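Chains F and Y, in that order, are what the protein sequence lines are. The end of the first sequence is residue 1601 by my numbering, with every number in the run present. The end of the second sequence is residue 133 by my numbering, with every number in the run present. Take a look at the structure set out below.
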Amino acid sequence: MKFKKVSRRKFLKGLGVAAVAGSLPLKMVEVVYGEKPADKFTFAVISDAHITQIKGTRFVRNFDEGLKKAVFEVSFMDPPPDFVVFGGDLAQLGKKEELDHGLEIMSQLSLPIKWVVGEHDFYLDMGEYWQKHLSPLYYSFDHKGVHFVVLNSILTYESWINQFKDPMERMLNMARLDNPKGSPFMVGKEQIAWLKKDLEKYPPETPLVVLSHSPLYKIFKPWNFWTDDAEEVQAVLKRFKKVTVLHGHVHQVLYNQIGNITFMAFISTAWPWPYPVSYSQLPNAVPKVTVFMNRADPFKERDGTGWSYINIQNGYAAQHYQLWENTPRTVYYDPKVSYPVDQDYQDPARRIPPQEHY
Amino acid sequence: MIKRGLFWVLVLGIFGLGLAQADEFTKKDLEKWQKAFMAVVKEGERLFHSPLGSNKVSCDMCHPHASNTHPETYPKFQKQLGKVATLRDMINWCLENPLEGKPLPLDDPRMIALEAYITWERRGVPLAPGKH
Ligand SMILES: [Fe+2]
Ligand SMILES: [Fe+2]
């Protein structure tokens, strides 16, 4: 006898709405109604796990636990998300031991994973292991009427890449966020040409979601909260009516609107980065619209970290940040004001003292 | 009582030989002392970006440019410790916990270097002791 593997979704569909609806928890009924394509769907986001090898089979416990916790919680989402986005920086120093160890933890998920490459995954072997064992560096796909584009936004200048005596020296120099001898991220001409071609066949009404590791705009160059050719990428996206760019790298709640493009960042499972406003020596362009996440309590190991899920409805994104050991946050695009807002704290009168960073 | 003659001999002796000019210094001196200080800052920067504990984690991973360390607010009541703490106490807390290492003696040259770097990256910010 042979058993056909049937997903829960198909299983529910097979039973029919009327028979099941009465016996299901309310939030599951949604799945059964999800027949009509396009309108509404959910995907989960896990990002910036920074799995770090100490020696041999020893890895940094703190970062392992962050990724494991996210994987555990995502796998219990009910209804399950359509897929999971990994936002980059699975490894700390791009080692195959780190990528393998991260993959092993991620393999607990029985959901499709859309991988975005981060600089920590890339600069040891220039993305070789990533492409062989995880994913192409850039690609696109369609999902329920929405066009998704994944970009490799962490490329940089050849002259910078070629100056190091060995791959590990290059990796270590890229891994130091505040490296004064660092180099800005970029998408590059080749990929921008590919992007143009990829988007050619889509009418401007098609909702677009772009996934990248670095923000596709300019916030703070000294920490590479920055993409050098961001304006060129933004120009290619200009003719679309609904564009959302989702990115990792910054390890914080961060959102912005530039013209037709809505930007939202992912939080990290490993640790939160400070907002650039807390470095007093250099100017920054942190978006004014962002309500900061609470200052993390270092004595609570998982504070300031977590994962998120994103609902796409009518082509607009709403991101639900699951901040461990802190209040969850929801940021969504508000068509009334034409920029993303926080559901609870956007009004300055509602802000709370822990959101002040200095 | 010192005789007047002897007094003048002593005065001339001290000032004449330049032994009492301790609080006069030149631009060159200032440069020299600043250089000595910056050498310690530089060492602090190196330590801040090195794995000082047992697990390869370094200070800069959570605090790029030593940001979000607030040296100007110490000493302050550290709510998690339930007492007034200094910046050095907090440096040691980080060494022992996220870095899974051993604390440094409070007068260890490495501790002083870390403090010098953290404070240097915060130069110009007004003192705000006790601020949470
Ligand atoms: Fe990261
Ligand atoms: Fe990154």
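Glycine included, every Cβ here is placed at the ideal spot set by N, Cα and C. As the structure is a computational prediction, the values presented were derived from the model and not from experiment.
Taking all protein chains shown into account, do 16 or more other C-beta atoms lie within 10 angstroms of the C-beta of residue i, making it buried, or fewer, making it exposed?
i	result
F1509(F)	buried
V1580(F)	exposed
R123(Y)	buried
H133(Y)	exposed
L1310(F)	buried
E73(Y)	buried
V1327(F)	buried
H1490(F)	buried
K1485(F)	buried
L1(Y)	It is not possible to answer for residue 1(Y), since the shown part of chain Y is limited to 2 through 133.
L48(Y)	buried
N1557(F)	exposed
I1397(F)	buried
T1570(F)	exposed
K1279(F)	With a pLDDT of 48 at K1279(F), under the threshold of 50, the modelled position of this residue cannot be trusted; read the value that follows with caution. Counting Cβ neighbours within 10 Å, K1279(F) comes out exposed, since fewer than 16 surround it.
E46(Y)	buried
T1295(F)	buried
P1410(F)	exposed
F1535(F)	buried
Compute the Euclidean distance between the alpha carbons of residue i and residue j, then round it to the nearest angstrom.
i	j	result
S1290(F)	V1359(F)	9 Å
L1342(F)	F1365(F)	11 Å
H1363(F)	L107(Y)	35 Å
A23(Y)	A37(Y)	19 Å
A129(Y)	Y75(Y)	8 Å
L1367(F)	N1416(F)	10 Å
Y118(Y)	P1519(F)	18 Å
G102(Y)	F1542(F)	16 Å
S1455(F)	Y1372(F)	19 Å
I113(Y)	L105(Y)	10 Å
K1283(F)	T1487(F)	15 Å
W1550(F)	F26(Y)	58 Å
I1348(F)	K29(Y)	60 Å
G1277(F)	L1377(F)	Its pLDDT being 37, under 50, G1277(F) is placed unreliably by the model, and the measurement read from it follows with that caveat. For G1277(F) and L1377(F), the distance between alpha carbons rounds to 30 Å.
M91(Y)	L115(Y)	11 Å
Y1552(F)	Q1565(F)	8 Å
What does residue i reach in chain F if we use C-beta pairs closer than 7 Å?
i	result
C60(Y)	Result: empty, since nearest Cβ-Cβ is about 11 Å, beyond 7 Å.
N69(Y)	P1517 and S1521
Since residue i meets chain Y, which of its residues come closer than 9 Å, beta carbon to beta carbon?
i	result
N1305(F)	N56, V58, P99 and E101
W1567(F)	By Cβ distance, chain Y contributes nothing, its closest Cβ being about 16 Å from W1567(F), past 9 Å.
Show which residues of chain Y have a CB atom less than 7 Å away from the CB atom of residue i.
i	result
F1237(F)	No statement about residue 1237(F) is possible, as the shown extent of chain F runs from 1244 to 1601 and does not include it.
I1297(F)	N56 and K57
D1421(F)	D61, P65 and H66
W1514(F)	M62 and C63
W1466(F)	P65
Under 9 Å Cβ-Cβ, which residues of chain F neighbour residue i?
i	result
E122(Y)	Y1522, S1523 and Q1524
I want to verify the contact list: residues of chain F whose CB lies under 8 Å from the CB of residue i, in sequence order.
i	result
V126(Y)	S1523
Within 8 Å (strictly less), CB to CB, does residue i reach chain A?
i	result
Q1406(F)	Considering every chain present, this structure includes no chain A. Its protein chains are F and Y.
Verify the contact flag: residue i, CB atom, against every heavy atom of ligand 4, threshold strictly below 7 Å.
i	result
E25(Y)	As for ligand 4, it is missing from this structure, which binds only ligand 1 and ligand 2.
Check your understanding: Any residues whose CB sits closer than 5 Å to a heavy atom of ligand 1? List them in chain order?
Key -> D1291(F) and D1332(F)
**Study point:** Three-pair Cβ contact test at 8 Å for the segment 1477-1488 of chain F versus the segment 1514-1531 of chain F
**Key:** no
Review point. Does the segment 1485-1501 of chain F come within contact of the segment 33-48 of chain Y, defined as at least 3 CB pairs closer than 8 Å?
Key: no
Exercise for review: Would you be able to state if there are at least three C-beta pairs under 8 Å between the segment 1391-1400 of chain F and the segment 1333-1351 of chain F?
Suggested key: no
Point to revise | At least 3 beta-carbon pairs within less than 8 Å: the segment 1454-1464 of chain F vs the segment 1436-1444 of chain F | key: no
Review point. Counting Cβ pairs closer than 8 Å, one from the segment 1303-1322 of chain F and one from the segment 1571-1578 of chain F, do we hit at least three?
Key: no
Practice item. Report yes or no: do three or more beta-carbon pairs, one from the segment 49-69 of chain Y and one from the segment 78-87 of chain Y, lie closer than 8 Å? Key: no
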